[in-house]
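There are 2 protein chains.
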Amino acid sequence: MTALPRALGSTGTGGSPTATDRLLSVLAAFDHEHPALCLTDISRRAGLSLTTAHRLVGALAEWGALERDESGVYHVGLRLWEIAALAPRGLALRQIALPYLEDLYEATHENVQLAVRDGSDVVYIEWLSGRSAVGVHIRVGARWPLHATGVGLALLAHGDPGFREAYCAGELASFTPHTITDPARLRRELAEVRRTGVAVSDRQITEDALSVAAPVRTADGSVAAAVSIVVPHADAQVPVLVPAVRVAARGISRALGWLPERA
Amino acid sequence: MTALPRALGSTGTGGSPTATDRLLSVLAAFDHEHPALCLTDISRRAGLSLTTAHRLVGALAEWGALERDESGVYHVGLRLWEIAALAPRGLALRQIALPYLEDLYEATHENVQLAVRDGSDVVYIEWLSGRSAVGVHIRVGARWPLHATGVGLALLAHGDPGFREAYCAGELASFTPHTITDPARLRRELAEVRRTGVAVSDRQITEDALSVAAPVRTADGSVAAAVSIVVPHADAQVPVLVPAVRVAARGISRALGWLPERA
């Protein structure tokens, strides 16, 4: 159930790659394992000739999408970052959420995250690191499958029912003996998340961490993101964390235009 | 001295735009004033025919660089944001700096910023908003000319001497009666910043705000960024803020591999 790697050089509907495909394949050559690449690496990873890679990398560098350091290695550039900061599900959402995440951090001093769904994964768009040394394998831009994280359970529980059922029926990757891999158990967990409004993921990614998550809603009531706190499993006080996480999630929802229904 | 707008559709060395130029012109159509665009807007702002814009926008949307909402409006997409998060001067630097910025925020509860230089501007790559209602016209991705901000003075003072002199000799934009517009005064200020290690910008952008900034160094000792705090001018306690800002800047510098020389 981990996300399939997207084809680097394919955006068209078949046939030979277009100029657009080739340019995007240069950008897609960069990822978390490869944040800095020389021209040869780019050409190999993008499946382009050195001549074509040289021409495209030159154009991207001139425009500011890539930056070349003294040693000739290319990095993603500040101009691409500035444009990407406009992504409503990236920095723009983060900007609205940040004061509430700061409040949650100040109230708890634990690891605080904001995540959205992309396909079968959660993508973390904000992460304030707490004082506890819990083994949190999270960074901004990191991905994990939905069923294994608190934020993922919150997003899956409140998302489209058709998508949810397809996800539950698919293969559920396992990371620890505690990861939910039984579809029936996952369905029960998700029903419980909908009932309580809170998702708890206990040692599903690492043996030492527990997360508590709550959904973030937009003006139309749909769930756009989830907030979570990750703490060491050993001394996790779930009943204490739940209200704090819920208050933060509701605060962000209000800032996004959501108005709670009168019960 | 404000940055010249970069030509939207030009990356080549003249002549008719290439396929690369056209694709980048679609991305460049999005900015802080235009974070959401319909196809017609994109075609007009990018200087492309509707047919060409339709084809390029389709390819970018399929790849995930753009996302289309229910109303047919396009936004910058999560996949572009994920790749842009790899920019060493964007989110990557921010990720290293964030714990120190959080500490500075907790110690002061004021507006805390991290900025880098791009051409004649500072670009804010992080901003934690404090409790004070000072009129801070800053957001992530925002730009201001170097001479008018604390972070800009810190970056200009410690940057390349040739660039510094060219900047001082250029036109210095004015925002308030307090903005430094006299080249001789700017040179004196910058010498003082180098001497003290701290830059103070007093009511240069708005009449009510004062900022205190310090440089962030990398392993080779060069200044890569600056940290600042912005407070209301009326009750600014500069001597109190200076040590806190300097400690945060040195902490980030150490995390970037800088080792202070023995004096």
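Listed in order, the protein sequences are those of chains L and R. Reminder that position 74 of the first sequence reads as 74 in our numbering, one-by-one numbering, no gaps. For our numbering, count along the second sequence from 1 and bump the result up by 1000. For each residue, glycine too, the CB sits at the ideal point set by N, CA and C. Bear in mind the structure is a predicted one, so any value in this text is a computation, not a measurement.
Identification of chain L residues near R:GLY1090 by a Cβ-Cβ cut-off of 7 Å yields LEU78, TRP81, ordered along the chain. Cβ neighbours of L:SER211 within its own chain (closer than 6 Å, five residues either side excluded): GLY150, SER201, SER228, VAL230. Put simply, the CB of L:TRP144 is far from chain R, with every gap to its CB atoms at 7 Å or more. Contact between the stretch 115–122 of chain L and the stretch 215–226 of chain L is present, with at least three C-beta pairs closer than 8 Å. Between L:HIS75 and chain R, the shortest Cβ-Cβ separation is below 7 Å.
Going by DSSP, R:ARG1055 is part of the alpha helix (DSSP H) stretching over 1050–1063.
For L:TRP258, not one C-beta of chain R is nearer than 7 Å to its own C-beta. With 16 or more other Cβ atoms from the protein chains shown falling within 10 Å of its own Cβ, L:ASP121 counts as buried. Of the other Cβ atoms in all chains shown, 16 or more fall within 10 Å of the Cβ of R:GLY1152; this residue is therefore buried.
A straight line joining the alpha-carbon of R:LEU1259 with that of R:GLN1095 spans about 20 Å.
Within the model, the alpha-carbon separation for L:GLN237 versus R:ALA1065 is close to 40 Å. Residues of chain L whose Cβ lies closer than 9 Å to the Cβ of R:PHE1175 do not exist; the shortest such Cβ separation is about 21 Å. Listed as beta-bridge partners of R:GLU1067 by DSSP are R:HIS1075. Neighbours of L:ASP118 in chain R, taken as residues whose beta carbon is under 7 Å from its own, are LEU1078 in chain order. DSSP, reduced to helix, strand and coil, places R:ALA1248 within a helical segment of the structure shown. Rounded to the nearest whole angstrom, the C-alpha separation of L:GLU62 and R:ARG1079 is 22 Å.
Neighbours of R:ALA1084 in chain L, taken as residues whose beta carbon is under 7 Å from its own, are VAL76, LEU80, TRP81, ALA84 in chain order. In the structure shown, the three-state DSSP call for R:HIS1034 is strand. Burial check for L:SER253: the Cβ neighbour count within 10 Å reaches 16 or more, so the residue is buried.
Counting every other CB atom within 10 Å of its CB across the protein chains shown gives L:ASP220 a total below 16, marking it as exposed. Cβ neighbours of R:HIS1158 within its own chain (closer than 6 Å, five residues either side excluded): PRO1215, VAL1223. Residue pairing for R:TRP1127: DSSP places it in a beta bridge opposite R:GLN1113.
At a beta-carbon threshold of 8 Å, the residues of chain R lying near L:LEU128 are LEU1098, GLU1102, ordered along the chain. DSSP places R:ASP1208 outside both helix and strand once states are collapsed to three, so it counts as coil. Under the 10 Å beta carbon count, R:GLU1189 is surrounded by 16 or more other beta carbons and is classified as buried. L:VAL240 counts as exposed, since fewer than 16 other C-beta atoms from the protein chains shown sit within 10 angstroms of its C-beta. For R:ARG1143, the enclosing beta strand (DSSP E) covers residues 1143–1145.
Taking the beta carbon of R:VAL1123 as reference, the chain L residues within 9 Å of it are LEU78, TRP81, GLU82, listed in sequence order. By the 16-neighbour rule on beta-carbons within 10 angstroms, L:SER43 is buried.
Within the stretch 206–227 of chain L, no residue places its CB atom closer than 7 Å to a CB of chain R.
Interface with chain L (7 Å Cβ-Cβ cutoff): R:ALA1166 is excluded. Taking CB atoms only, L:ALA19 has a neighbour in chain R less than 7 Å away. Residue environment for L:GLU165: exposed (fewer than 16 other C-beta atoms within 10 angstroms of its C-beta). Residues of chain L with a Cβ closer than 7 Å to the Cβ of R:ALA1087 are, in chain order, HIS75, VAL76, GLY77, LEU78, LEU80, TRP81. Excluding the 5 residues flanking it on each side, L:PHE175 has same chain C-beta neighbours closer than 7 Å at ALA148, GLN204, ILE205, in chain order. In this structure R:VAL1193 does not touch R:VAL1242 by the C-beta definition: roughly 12 Å separates them, more than the 8 Å allowed.
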